[in-house]
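Chemist:
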Amino acid sequence: MVRKICCIGAGYVGGPTMAMIALKCPQIEVVVVDISEARIAAWNSDELPIYEPGLNEVVIAARGRNLFFSTDVKKHVAEADVVFVSVNTPTKTTGIGAGKAADLAYWESAARTIAAVSTSNKIIVEKSTVPVRTAEAIEKVLTRNCSNPDVSFHILSNPEFLAEGTAMKDLEFPDRVLIGGRIETEAGRNAVATLKAVYENWVPPERVITANLWSAELSKLAANAFLAQRISSINAMSALCEATGADVSQVAFAIGKDSRIGPKFLNSSVGFGGSCFQKEILNLVYICESLGLQEVADYWRSVVGINDYQKDRFVRRVISGMFNTVRGKKITVLGFAFKKDTGDTRETPAIEVCRGLIADGAKVTVFDPQVKPDQVSYELSCEKFAWDHPKLGPSPGDPMQHVTCAEEVYAACAESHALCVITEWDMFKTLDYQKVYDSMVKPAFIFDGRNILDHEHLRSIGFIVYCIGKPVDPFLLSTMS
Ligand code: NAD
Ligand code: UGA
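The opening residue of the sequence shown carries number 333 in the working numbering; numbering runs sequentially from there.
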């Protein structure tokens with residue numbers, strides 16, 4: 333029976349996942365540990381370090397009862413029966429595989445800590461997304477570094493499928509929980525059964541599925557690759573729709589009615605963002621290349637290629653639509669987070685859009701209800717890999733010289749030449765667009781990168797409207813390249 337769980341990594345996955353386990357398993361003590369003192373302090377405060385609908389309520393219900401946040405990594409790892417590892421696994425920035433391979437340094441360091449402090453048997457759960465066969469490497473680090481020969485470690489892969497913005501719902505009602513282990517051995521099967529029993533405190537047993545370690549690890553990369561591939565497929569169609577007069581929403585609706593295709597994840601957009609899709613596809617590409625599967629690698633690489641193309645295409649549409657220059661024009665970017673209902677800006681398409689507009693001389697104003705100015709500044713100033721912005725190039729000088737962050741949406745829009753909707757926040761659907769129009773420079777443009785606005789209503793007010801994958805306005809047809 334599990335008495336104590338420790339999770340290393342108090343991030344977007346570790347925090348919410350452990351909060352849900354603590355809520356649903358009051359008999360288990362759950363401690364989330366992290367090397368970042370600031371993050372742990374925030375988890376222990378009234379202002380949690382991440383914004384996620386429903387998270388506050390769950391943390392408040394369990395914190396101090398059987399949910400704890402601590403920087404004392406060694407103590408809580410040593411005491412736990414089950415240790416989840418949910419540290420970041422970013423893309424390598426230097427050395428072999430830079431720009432593609434996963435950087436497992438954080439994972440390895442966590443494994444070394446576990447080995448150093450363990451005096452009792454433990455189940456180690458890979459929660460982070462890792463390359464296939466990482467468990468094998470981690471097993472070696474654990475067994476070769478533990479000084480107590482009587483201690484045994486059982487490694488399980490339990491990848492997380494939550495999406496930000498809907499994390500709490502995804503955790504409470506998961507489509508499936510996947511547990512991979514060494515199911516060919518009795519000890520492996522026992523470890524799987526132990527973790528399965530934890531989830532079955534609230535997840536129906538038929539939704540907790542098991543697999544061998546390598547299948548579980550690869551399934552996570554495969555799931556993200558398939559999801560991203562759907563978005564790139566519909567985004568590729570959106571370019572074709574604009575060129576032919578077809579409407580991508582109608583195409584998505586029609587193909588989504590086919591039960592083999594299904595309606596979800598077919599929203600054409602300015603491009604997918606987030607910390608994982610691009611990272612994991614590039615990781616997959618690297619693995620395939622390492623195994624000599626160049627054609628497979630090229631296939632998956634093209635999913636990222638179309639995403640770069642879509643972001644680039646959007647910026648070009650904005651610039652060419654506005655008489656081929658945005659120099660000196662105020663352009664308001666509505667939304668900076670990579671999707672609605674999160675403050676996360678990792679790999680958000682807003683970065684490329686802002687950089688592209690700044691590079692052409694625009695004065696950019698950003699409004700996002702959950703993103704703070706220092707986060708915008710951080711993202712726009714960060715060094716990016718060459719593959720990340722292959723065509724637009726870096727912005728000249730300090731990008732924040734050309735960017736203002738607004739606290740109020742109507743003030744953000746006032747005196748703008750154009751609005752670019754980059755995040756699909758619900759509040760953008762219900763703005764008083766007559767009021768917005770009256771405050772803008774004419775002709776007033778809206779570039780809807782999410783297709784969330786009522787385009788006919790906007791046109792009736794007088795806006796020139798561009799929407800992804802839809803017949804192009806006659807006004808824009810004459811100006812756009
Ligand atoms: P994150 O960067 O938000 O959090 C990771 C945390 O781990 C950080 O707070 C960091 O300080 C901590 N950490 C790193 N090394 C440590 C160590 N040795 N000891 C203690 N703490 C350490 O990352 P995240 O978004 O939570 O993602 C974690 C993993 O889960 C990644 O592999 C990611 O690919 C995967 N994942 C993320 C999501 C998502 O929606 N963000 C969803 C599914 C899977
Ligand atoms: C994604 C997966 O959905 C999760 O299952 C997975 O656990 C997670 O990655 C991960 O491994 O990190 P997330 O990135 O949080 O979750 O959010 P998504 O809802 O998948 O959206 C990703 C990006 O695709 C966003 O920029 C979103 O706006 C975009 N998107 C999504 C579209 O452009 N069109 C769509 O139809 C759907």
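No residue lacks a Cβ here, since even glycine has one placed at the ideal position from N, Cα and C.
Mind checking which residues open and close the alpha helix (DSSP H) that includes Lys767?
Modeler: Segment Tyr765 to Asp770, the alpha helix (DSSP H) holding Lys767.
Chemist: Count the other CB atoms, across all protein chains shown, that sit within 10 Å of the CB of Gln359; report buried if there are 16 or more and exposed otherwise.
Modeler: Exposed, by the Cβ-count rule.
Chemist: How many whole angstroms separate the CB atoms of Lys821 and Lys695, which I take to be in contact at a CB cut-off of 8 angstroms?
Modeler: Here the chain covers residues 333 to 813 and nothing more, so residue 821 does not appear.
Chemist: How big is the Cα-Cα spacing for Ala560 and Ile428?
Modeler: Roughly 25 angstroms separates the two Cα atoms.
Chemist: Residues in its own chain within less than 6 angstroms of Gln707 by CB, not counting five upstream and five downstream?
Modeler: Result list for Gln707: Thr677, in chain order.
Chemist: Straight-line CA distance for Ser402 to Val636?
Modeler: The straight-line gap from Cα to Cα measures roughly 38 angstroms.
Chemist: Less than 8 angstroms separating the beta-carbons of Val665 and Ala682?
Modeler: For Val665 and Ala682, yes; Cβs fall inside 8 angstroms.
Chemist: When you measure from the CB of Gly512 to every non-hydrogen atom of ligand 1, does any distance come out below 7 angstroms?
Modeler: No; taking the cut-off as 7 angstroms, the Cβ of Gly512 has no heavy atom of ligand 1 nearer than that.
Chemist: Relative to ligand 2, is the shortest distance from any of its heavy atoms to the C-beta of Ala738 smaller than 7 angstroms?
Modeler: Every heavy atom of ligand 2 is 7 angstroms or more from the Cβ of Ala738, so no.
Chemist: Report the residue from Leu809, Lys454 and Asn615 whose alpha carbon sits nearest the alpha carbon of Asn656.
Modeler: Of the listed residues, the one whose Cα sits closest to Asn656 is Leu809.
Chemist: Return the residue from the list Asp413, Cys714, Val647 and Gln733 that minimises the CA-CA distance to Glu361.
Modeler: Nearest option by C-alpha distance: Asp413.
Chemist: Between Glu739, Ile456, Tyr798 and Phe807, which lies nearest to Ser570 when the distance is taken from Cα to Cα?
Modeler: Ranking Glu739, Ile456, Tyr798 and Phe807 by Cα distance to Ser570 puts Tyr798 first.
Chemist: Closer than 7 angstroms: is that where the CB of Val365 sits relative to any heavy atom of ligand 1?
Modeler: Because some heavy atom of ligand 1 lies under 7 angstroms away, the Cβ of Val365 counts as near it: yes.
Chemist: With distances taken from CA atoms, which of Pro705, Val735 and Glu739 is nearest Gly688?
Modeler: Cα-wise, what sits closest to Gly688 is Val735.
Chemist: For Ser727, is the classification buried or exposed, using 16 other Cβ atoms within 10 angstroms of its Cβ as the cut-off for buried?
Modeler: In this prediction, Ser727 scores a pLDDT of 48, lower than 50, which makes its location untrustworthy; no coordinate-derived value is stated.
Chemist: With distances taken between CB atoms, is the gap from Phe505 to Ile563 smaller than 8 angstroms?
Modeler: For Phe505 and Ile563, no; Cβs fall outside 8 angstroms.
Chemist: What's the C-alpha gap between Val703 and Ser479?
Modeler: One C-alpha to the other measures close to 46 angstroms.
Chemist: If I measure Cβ to Cβ from Asp758 and keep anything under 8 angstroms in the same chain, skipping five residues before and after, which residues do I get?
Modeler: Around Asp758: Lys672.
Chemist: Do Pro491 and Leu510 count as a contact pair if the criterion is CB distance below 8 angstroms?
Modeler: Yes, these two residues count as a Cβ contact at 8 angstroms.
Chemist: Going by C-alpha to C-alpha distance, which of Gly347, Asp404 and Ala434 sits closest to Tyr618?
Modeler: Comparing Cα positions, the closest option is Ala434.
Chemist: One question on the structure: do Val473 and Glu440 come within less than 8 angstroms of each other, judged by their Cβ atoms?
Modeler: Yes, they are a contact pair.
Chemist: Suppose you measure from the CA of Val768 to the CA of Tyr531; what does that come to, to the nearest Å?
Modeler: Cα-Cα distance, rounded: 49 angstroms.
Chemist: Should Thr461 be listed as close to ligand 2, given that the test is whether its C-beta is under 7 angstroms from any heavy atom?
Modeler: Yes, the Cβ of Thr461 comes within 7 angstroms of a heavy atom of ligand 2.
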